[in-house]
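In our numbering, the protein residues as written are 14 to 227.
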């Protein structure tokens, strides 16, 4: 059921299960809910052999006289929020290319805040479109990841990619907590402006920088 919702562009999907137990409700509700017209239709159209139906009915009646009998019925109820963005869930997601981006922190420092945000926005749009196998042009900065098709596997992929490229410390669950693309950008910017994190980044990428350059 959740898959069908996602396939038809629903987000914030919720699934509830209502259970009925004959030892609590009694047998009457179960017997009243039986739709004999379904059985008649199955027999009439040849899907259910008449003799088989008679045999099942006899066993059903015998079961009711057994003091230890019990019936359990489950009703699945699902709901979701219709969203505008269209995610292609029919195709298998493309594997994210684990290629280190050409990130030059010295150059990045020279950017004004607007340029930094633009750089990170384009970066995330590209990665997300590859992971979800969707058109990059329909992704928006305000999109919340779980509302555009992100689940546990895609969260792991994006987490690994960002941590690899920026030496950040994101965890997959971070992307399942109603976080938007804009909020991810803010977190990356905060991380990169932290002097301790910057030291760790340069240490891990020492081949790209000469010692004492800063």
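In this text, a Cβ means the ideal position worked out from N, Cα and C, and glycines have one as well.
Drop a sphere of 10 angstroms on the beta-carbon of residue i, count the other beta-carbons inside from all chains shown, and report buried for 16 or more, exposed for fewer.
i	result
residue 162	buried
residue 140	buried
residue 122	exposed
residue 170	buried
residue 181	buried
residue 18	buried
residue 99	Per-residue confidence for residue 99 stands at a pLDDT of 45, beneath the threshold of 50, marking its modelled position as unreliable; the derived number appears in the next sentence. Exposed: under 16 other Cβ atoms inside 10 Å.
residue 27	exposed
residue 144	buried
residue 147	buried
residue 158	buried
residue 174	buried
residue 194	buried
residue 168	buried
residue 133	buried
residue 113	Residue confidence is low: residue 113 scores 44 on pLDDT, short of 50, so the model does not pin down where it sits. No coordinate-derived value is stated.
Does residue i have its Cβ less than 7 Å from a Cβ in chain B?
i	result
residue 70	No chain B is present in this structure, which holds just one protein chain.
Kindly examine the ligand GTP and report whether one of its heavy atoms sits closer than 6 Å to the Cβ of residue i.
i	result
residue 92	Ligands are entirely absent from the displayed structure, and the ligand GTP is therefore not among its contents.
Which two residues bound the contiguous alpha helix (DSSP H) that contains residue i?
i	result
residue 141	126-145
residue 183	That residue, residue 183, is in no alpha helix (DSSP H); it is neither H nor E in DSSP.
residue 195	194-205
residue 189	Where residue 189 is concerned, there is no enclosing alpha helix (DSSP H), given that its DSSP letter is neither H nor E.
residue 69	63-77
So who's on the other strand from residue i, going by DSSP bridges?
i	result
residue 94	24
residue 148	Looking at the DSSP assignment, residue 148 forms no beta bridge with any residue, so it has no partner.
residue 33	86
residue 157	193
Tell me, to the nearest whole angstrom, how far the beta carbon of residue i is from that of residue j; I am working on the premise that it is less than 8 Å.
i	j	result
residue 25	residue 91	Not quite, the Cβ-Cβ distance comes to about 11 Å (not below 8 Å), so this is no contact.
residue 89	residue 30	6 Å
residue 32	residue 76	About 20 Å separates the two Cβ atoms, so there is no contact after all.
residue 129	residue 202	6 Å
residue 137	residue 179	11 Å between Cβ atoms; not a contact.
> Are the segment 147-166 and the segment 177-195 in contact at 8 Å, needing three or more beta carbon pairs?
Replying inline: Judged by pairs of C-beta atoms under 8 Å, the segment 147-166 touches the segment 177-195, as three or more such pairs exist.
>> Check whether the segment 192-207 and the segment 143-163 are in contact - that is, three or more C-beta pairs closer than 8 Å.
In response: The answer is yes - the segment 143-163 touches the segment 192-207, with three or more Cβ pairs under 8 Å.
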